[in-house]
Amino acid sequence: MSLRITTWNANSIRLRESSLKRIVAEIRPDVLCLQEIKVEDDKFPYDLCRELGFPHLHVHGQKAYHGVAVLSKLPLEQCHARKWCGNGDCRHAICTLPGGIELHNFYIPAGGDIPDPEANPKFRHKLDMLEELTGYFGGRKGDGARMVVLGDLNIAPLETDVWSHRQLLDVVSHTPVETEGLIRLQEAYGFVDAVRTVIPPSQKLFTWWSYRNRDWDASDRGRRLDHIWLSPALAPHLVTAEVRRAARGWENPSDHVPVTVELSVRP
DNA sequence: ATGGTGGATTTTCCA
0 MSLRITTWNA
10 NSIRLRESSL
20 KRIVAEIRPD
30 VLCLQEIKVE
40 DDKFPYDLCR
50 ELGFPHLHVH
60 GQKAYHGVAV
70 LSKLPLEQCH
80 ARKWCGNGDC
90 RHAICTLPGG
100 IELHNFYIPA
110 GGDIPDPEAN
120 PKFRHKLDML
130 EELTGYFGGR
140 KGDGARMVVL
150 GDLNIAPLET
160 DVWSHRQLLD
170 VVSHTPVETE
180 GLIRLQEAYG
190 FVDAVRTVIP
200 PSQKLFTWWS
210 YRNRDWDASD
220 RGRRLDHIWL
230 SPALAPHLVT
240 AEVRRAARGW
250 ENPSDHVPVT
260 VELSVRP
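Numbering follows numbering that gives the first Met the number 0, with no gaps: position 51 of the first sequence is 50.
Spelled out as C-alpha cells, the structure:
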C-alpha cells in the first residue's frame with residue numbers, strides 16, 4: 000500500500016483552517032504532522048480534523064508557543080512524548096503507525112538571532128537539543144527500526160538549502176555549528192534525507208520564506224528548514240517526495256510549506 | 001547596516 004506522510008509548520012493552527020483544508024484536498028496525506036500549533040490541547044480543532052478524515056489524533060500542545068500534533072487516517076499506537084533538555088517544551092511527539100513504523104515529529108528551537116551559545120540561551124538550547132538527539136538516536140544505531148523522523152528542524156544543512164550560502168553563514172539556521180550538528184545527528188543513526196534523494200542537492204530547495212520579504216516569490220530568499228528522514232530499514236520503500244511551494248502563496252499562509260513523502264509499505 | 005511582517009498575548013516576546 001501507499002502511505003503519504005506530510006510535515007507542516009502551521010504557525011498557529013487556529014488561523015489555518017483554509018490551509019489545512021487545502022493540504023488535505025490537494026496533497027491527500029494519510030498522516031499529517033504539524034508543528035507550532037500554538038494552542039493548548041483542549042483548544043485544538045479536533046472536530047475539524049475528524050471532519051477532514053483524520054479520526055486518529057495525537058496532540059501535544061502548549062499555550063502560545065511550540066506544540067506538535069499528528070493527524071492520521073490510520074490507527075496510531077503508543078503515542079507519547081519524550082522530554083528534551085530538561086524542560087516542558089512541547090517539541091516532540093512519537094507515534095507508531097501500522098506496520099510498526101515509528102514516527103517522530105519534531106520542532107527544534109529556532110535559536111534566536113545571535114549565533115553564540117554564550118551570549119544567547121536560545122542558541123545554546125538549540126545546540127543542546129541537537130546533541131541530546133544525537134546521543135539518543137546514536138545509541139539506537141543498527142536497531143533495524145522502521146522509522147520516520149520529520150519536522151521543522153530549523154536548520155538548512157546544504158549550501159543549496161538557502162538562497163545564499165555565503166550571506167547566511169553567520170545567520171542562525173545555516174551556521175557551520177548548526178549544519179555540522181544536524182549532519183552529525185543524521186549520521187548518528189544513518190538516516191536518509193528522503194527529500195534530497197528525490198530532489199538532488201544540485202537544485203536549490205526551500206520550505207520556508209520569511210514574512211518580512213515584500214515579494215517572497217520574486218525575491219525567493221528561502222531556506223529548507225523542514226525535513227523528512229527515513230531509517231535505513233524504511234528508505235528502500237521511498238516512492239517520491241515533494242515540497243508544495245505554492246502553499247506559500249495561499250491566502251493567509253504559514254511561512255512554512257508542506258513537505259510530503261510517499262512510501263510503499265506493507266502494513 | 002537596518003528593518004522589514006506575522007502570531008500570541010500585551011504593554012513585548014518570539015520567529
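In this text, a Cβ means the ideal position worked out from N, Cα and C, and glycines have one as well.
Handout entry: Proximity winner among L181, Y188 and G98, relative to M0 (alpha-carbon distances)
Key = When each option's Cα is compared against that of M0, the closest is G98.
Exercise for the section: List the endpoints of the continuous beta strand (DSSP E) containing V23. Expected result: Segment E16 to I26 is the alpha helix (DSSP H) holding V23; no beta strand (DSSP E) there.
Practice task
Verify whether the separation of the beta carbon atoms of D192 and H226 is less than 8 Å.
Solution key: Closer than 8 Å, so yes.
Exercise for the section: Locate the alpha helix (DSSP H) running through Q34, then write down its first and last residues. Expected result: Q34 -> not in any alpha helix (DSSP H); beta strand (DSSP E) instead, spanning V30 to Q34.
Practice task
Provide the residue(s) that pair with C94 in DSSP beta bridges, ordered along the chain.
Solution key: Answer is L102.
Problem - Distance CB(I36)-CB(I4) smaller than 8 Å - result: Between I36 and I4, the C-beta gap is not smaller than 8 Å, which leaves the two residues out of contact.
Handout entry: Beta-carbon spacing of S253, N10 below 8 Å
Key = Cβ distance < 8 Å, so S253 and N10 count as in contact.
Practice task
Tell me whether the beta-carbon of E39 lies closer than 8 Å to the beta-carbon of G52.
Solution key: Contact check for E39 against G52 fails: the beta carbons are separated by 8 Å or more.
Handout entry: K188 versus S230: straight-line alpha-carbon distance, rounded
Key = Correcting the residue type first, residue 188 is Tyr in the shown sequence and not Lys. Near 8 Å, if we compare the C-alpha coordinates of S230 and Y188.
Problem - Under 8 Å between C-beta atoms of T174 and P114 - result: Taking 8 Å as the Cβ cut-off, T174 and P114 qualify as a contacting pair.
Problem - Q166 (DSSP reduced to helix, strand or coil) - result: In this structure, Q166 counts as helix in the three-state DSSP scheme.
Practice task
Use the C-beta contact count for N86: other C-beta atoms within 10 angstroms, 16 or more gives buried, fewer gives exposed.
Solution key: The residue in question, N86, is exposed, as its Cβ has fewer than 16 Cβ neighbours within 10 Å.
Handout entry: Segment contact flag, the region 118-138 with the region 194-202, C-beta cutoff 8 Å, min 3 pairs
Key = Because the criterion of three Cβ pairs below 8 Å is not met, the region 118-138 and the region 194-202 do not touch.
Practice task
Spatial neighbours of A144 within its chain, please: CB distance less than 6 Å, with the 5 preceding and 5 following residues excluded, ordered by chain position.
Solution key: Excluding residues within five positions, the ones whose Cβ falls inside 6 Å are E101 and S230.
Handout entry: Spatial neighbours of P54 in its chain, beta-carbon cut-off 6 Å, leaving aside the 5 residues before and after
Key = If we look at P54 and ignore the five residues flanking it on each side, it has no Cβ neighbours.
Handout entry: Exposed unless 16 or more other CB atoms sit within 10 angstroms - verdict on L14
Key = Exposed.
Problem - Three-state class that DSSP yields for S172 in the structure shown - result: Three-state result, S172: coil.
Problem - Distance cut-off 7 Å: F122 Cβ against heavy atoms of the ligand SAH - result: Among the components modelled here there is no ligand, and therefore nothing to report on the ligand SAH.
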